[in-house]
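Beneath this line is the structure, given in structure tokens, with notes to follow.
In structure tokens, the structure reads:
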């Protein structure tokens, strides 16, 4: 990866880590599916009126939006609301990294190199070290929801690689447009009238939560993330996501005053070591994702 793309990946994980603070603030007053619906609605409108759809099959754009909106964030926020600690959720959802690598191998025939597998394993050990240090039992149902959210994220990653190089801002806007209406409907069915009641007098925290999730997180962070996925193998990109829990825990320390501990520093060190191994292993595999199975040829780039 180029230095510019490494810095872009670090910006992504920083924003995604901060997003857990915004999610926690929003869930104080807004039900999870409604919060997701608002997030993607504001990411899509009014941008969809001025940004053309991406040059990709509509079914793939819709599938990407549903995998991200319902599969990842619908399950993630619901799990947190039902009792899964936000910090532990930021750790557990990182099993999307091996999910993504496995799916890329199975679906796109994108075989990881030995160092990339080793690096991913070391980084996952870092996540486990932090999770064990944080301690605390989590309810089984919400825990499984977060595991499902990780699979939803991995599925969205694979769809992006299948789509190939398109305008990533357009993909995020129109993918958000595809998932917002189903999320509103699910919210009304599952959460009932309380979902609408929460919107009558929204708190400033809820408004700030929606704005942060819609723009820096959805449009900027996931737009950059998707761009990286189309340029590099999944085994090179996805280990960076394992820094999200470190960024999330650091942000809760700075913003909410939660204490740091030795397990966070040790786990963060392992994660950085694993990412370094993955990057070293990916140097010989090339930097152009368009040359790999399942990605669009250069002529389709927007």
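Residue numbers (the numbering used here): 489 to 790. Even glycine gets a Cβ: it sits at the ideal position worked out from N, Cα and C.
Identify which residue in the options has its Cα closest to the Cα of residue i.
i: residue 518; options: 710, 689 and 738; result: 689
i: residue 557; options: 726, 724 and 643; result: 643
i: residue 590; options: 737, 721 and 738; result: 721
i: residue 664; options: 716, 715, 702 and 627; result: 702
i: residue 544; options: 692, 675, 654 and 677; result: 654
i: residue 526; options: 754, 750, 724 and 666; result: 666
i: residue 648; options: 694, 738, 725 and 739; result: 725
i: residue 594; options: 723, 693, 514 and 571; result: 723
i: residue 627; options: 679, 597, 570 and 706; result: 570
i: residue 632; options: 597, 572, 650 and 588; result: 572
i: residue 498; options: 597, 731 and 587; result: 731
Got a sec: does the ligand HEM put a non-hydrogen atom nearer than 7 angstroms to the Cβ of residue i?
i: residue 546; result: Of ligands this structure carries none, so the ligand HEM is not represented either.
Who are the Cβ neighbours of residue i in its own chain at under 7 angstroms, not counting the five residues just before and after it?
i: residue 765; result: 603, 606, 607 and 610
i: residue 729; result: 501, 582, 584 and 585
i: residue 524; result: 557, 561, 562, 565 and 671
i: residue 754; result: 617
From residue i to residue j, what does the alpha carbon distance come to, in whole angstroms?
i: residue 512; j: residue 574; result: 7 angstroms
i: residue 494; j: residue 669; result: 35 angstroms
i: residue 567; j: residue 520; result: 9 angstroms
i: residue 743; j: residue 700; result: 15 angstroms
i: residue 646; j: residue 601; result: 18 angstroms
i: residue 612; j: residue 510; result: 25 angstroms
i: residue 757; j: residue 736; result: 15 angstroms
i: residue 716; j: residue 672; result: 30 angstroms
i: residue 533; j: residue 562; result: 19 angstroms
i: residue 529; j: residue 522; result: 10 angstroms
i: residue 542; j: residue 674; result: 26 angstroms
i: residue 727; j: residue 762; result: 7 angstroms
i: residue 531; j: residue 577; result: 23 angstroms
i: residue 692; j: residue 515; result: 12 angstroms
i: residue 738; j: residue 508; result: 11 angstroms
i: residue 489; j: residue 741; result: 30 angstroms
i: residue 677; j: residue 697; result: 23 angstroms
i: residue 759; j: residue 554; result: 29 angstroms
i: residue 679; j: residue 629; result: 17 angstroms
i: residue 587; j: residue 714; result: 16 angstroms
i: residue 650; j: residue 681; result: 39 angstroms
I'd like the list of long-range same chain contacts for residue i, defined as Cβ closer than 6 angstroms, with 5 residues on each side in sequence excluded.
i: residue 709; result: 500, 503 and 504
i: residue 712; result: 496 and 500
i: residue 491; result: none
i: residue 599; result: 593
i: residue 704; result: 503
i: residue 707; result: 531 and 660
Which same chain residues end up closer than 8 angstroms to residue i when comparing Cβ atoms and leaving out the 5 residues on each side of it in sequence?
i: residue 559; result: 636, 637, 639, 640, 641, 643 and 644
>> Whether or not the segment 679-688 and the segment 498-507 are in contact is what I'm after, with contact meaning three or more pairs of Cβ atoms, one per stretch, closer than 8 angstroms; do they touch?
In response: no
> Do the segment 545-552 and the segment 653-665 meet, that is, are 3 or more Cβ pairs less than 8 angstroms apart?
Replying inline: yes
>> Counting beta carbon pairs with one atom in the segment 526-538 and one in the segment 630-642, are three or more of them shorter than 8 angstroms?
In response: no
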